[in-house]
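Novice:
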Amino acid sequence: MSAPFPDVRRADAGTILVSSWIVPAPDVQRRAADLVIEEWERQERPAAMLSLTTFLSEDGSHVLNYAQWTDDDAHREWVRDRRPAAIGKIDETLPGIERPGVVRYALYRSYAPRESAPRRPGALVTPTFDTRGPEGQRALSDAVIGILERIRPAGLLGAHFHASKDGRRVLNYVEWQDTEAWRRFADDGGTNELRTVIGTLEGVTPAHSRLDVPRYRPYRSLENVPAP
Numbered sequence: 002m003s004a005p006f007p008d009v010r011r012a013d014a015g016t017i018l019v020s021s022w023i024v025p026a027p028d029v030q031r032r033a034a035d036l037v038i039e040e041w042e043r044q045e046r047p048a049a050m051l052s053l054t055t056f057l058s059e060d061g062s063h064v065l066n067y068a069q070w071t072d073d074d075a076h077r078e079w080v081r082d083r084r085p086a087a088i089g090k091i092d093e094t095l096p097g098i099e100r101p102g103v104v105r106y107a108l109y110r111s112y113a114p115r116e117s118a119p120r121r122p123g124a125l126v127t128p129t130f131d132t133r134g135p136e137g138q139r140a141l142s143d144a145v146i147g148i149l150e151r152i153r154p155a156g157l158l159g160a161h162f163h164a165s166k167d168g169r170r171v172l173n174y175v176e177w178q179d180t181e182a183w184r185r186f187a188d189d190g191g192t193n194e195l196r197t198v199i200g201t202l203e204g205v206t207p208a209h210s211r212l213d214v215p216r217y218r219p220y221r222s223l224e225n226v227p228a229p
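Following my numbering, the numbering of the sequence shown begins with 2 at its first residue and continues without gaps.
#1: Considering only the beta carbon of each residue, do V270 and S62 sit closer than 7 angstroms?
#2: Counting along the chain, where does the beta strand (DSSP E) carrying G58 start and finish?
#3: Identify whether R83 lies in helix, strand or coil by the three-state DSSP scheme.
#4: Is it the case that the Cβ atoms of L51 and V226 are separated by a distance below 7 angstroms?
#5: To the nearest angstrom, how far is the alpha carbon of L141 from that of T197?
#6: Tell me the rounded alpha-carbon separation between L158 and A208.
#7: What is the residue span of the beta strand (DSSP E) that F6 lies within?
#8: Nearest-angstrom Cα distance between D131 and P215?
#9: Between which two residues does the beta strand (DSSP E) holding V175 run?
#10: Along the chain, where does the beta strand (DSSP E) containing D72 start, and where does it finish?
#11: Out of curiosity, what's the CA-to-CA distance linking F162 and G200?
#12: Verify the contact flag: G147, CB atom, against every heavy atom of the ligand FAD, threshold strictly below 6 angstroms.
#13: Between the C-alpha atoms of R151 and P114, what's the straight-line distance to the nearest angstrom?
#14: List the whole-angstrom C-beta distance separating L95 from V29, where the pair is believed to meet the contact cut-off of C-beta under 8 angstroms.
#15: CA-CA distance, A109 and E203?
#16: In whole angstroms, what separates the C-alpha of V24 from that of G102?
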């Protein structure tokens, strides 16, 4: 079972909610992702909830939930009124899932080469960065996009820079043709210039080394409201 990637740049997504669930064993991954989608399918969904896509980590340890909503207030209302029951049902079925918490993002900028438009991504890579405020978030995103526009890595279909609303993090949501394309880019030294430039930016710290950047494949999705 494989889901399409979400429309990251849909104009009506005022907030993007990203949470990573740590599962106790690889065989729990799919069951956890199935349960979260099925729980949403069972309930009456608010119109503010646009889409949800679940991704499975390559190493079997995580489920990444990527949700698009129109606004934070609507999501907070759902969390207050309905989330405890929904999560409780999942935990009754699959105990032991750890949830470090949701991060609220807004899409800042994207890099997507024109020739990538008809191609479907096969892998998601998510380098994240700790930042000190919106200025650092913008400086990082702008610098990396400038490099990508110049070197144009083979197999890179899109890099979408998400700035957390508290100013403390940037998620680079990177769509690759497949995991092998990302590995070729990393192994051929494609990350060296990026690391050098990022190292000069004040208030920006990579959250991962080159080797432990999370890698995912899409699994299941629910589109509640079609993109405009």
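By construction, the Cβ of each residue, glycine as well, lies at the ideal position given by its N, Cα and C atoms.
Specialist: Answer, in terms of the structure:
#1: Coverage of the chain is limited to positions 2 through 229, which leaves residue 270 absent and any answer about it impossible.
#2: A quick correction: the sequence has Ser, not Gly, at residue 58. 50 to 58 is the span of the beta strand (DSSP E), which, as asked, contains S58.
#3: coil
#4: yes
#5: 12 angstroms
#6: 23 angstroms
#7: Counting along the chain, F6 falls outside any beta strand (DSSP E), and DSSP gives it neither H nor E.
#8: 15 angstroms
#9: Residues 170 to 177.
#10: That residue, D72, is in no beta strand (DSSP E); it is neither H nor E in DSSP.
#11: Cα to Cα, F162 sits roughly 18 angstroms from G200.
#12: The ligand FAD is not part of this structure, which contains no ligands at all.
#13: Near 11 angstroms, if we compare the C-alpha coordinates of P114 and R151.
#14: 6 angstroms
#15: Note on residue identity: the sequence assigns Tyr, not Ala, to residue 109. Approximately 19 angstroms, taken between the alpha carbons.
#16: 14 angstroms
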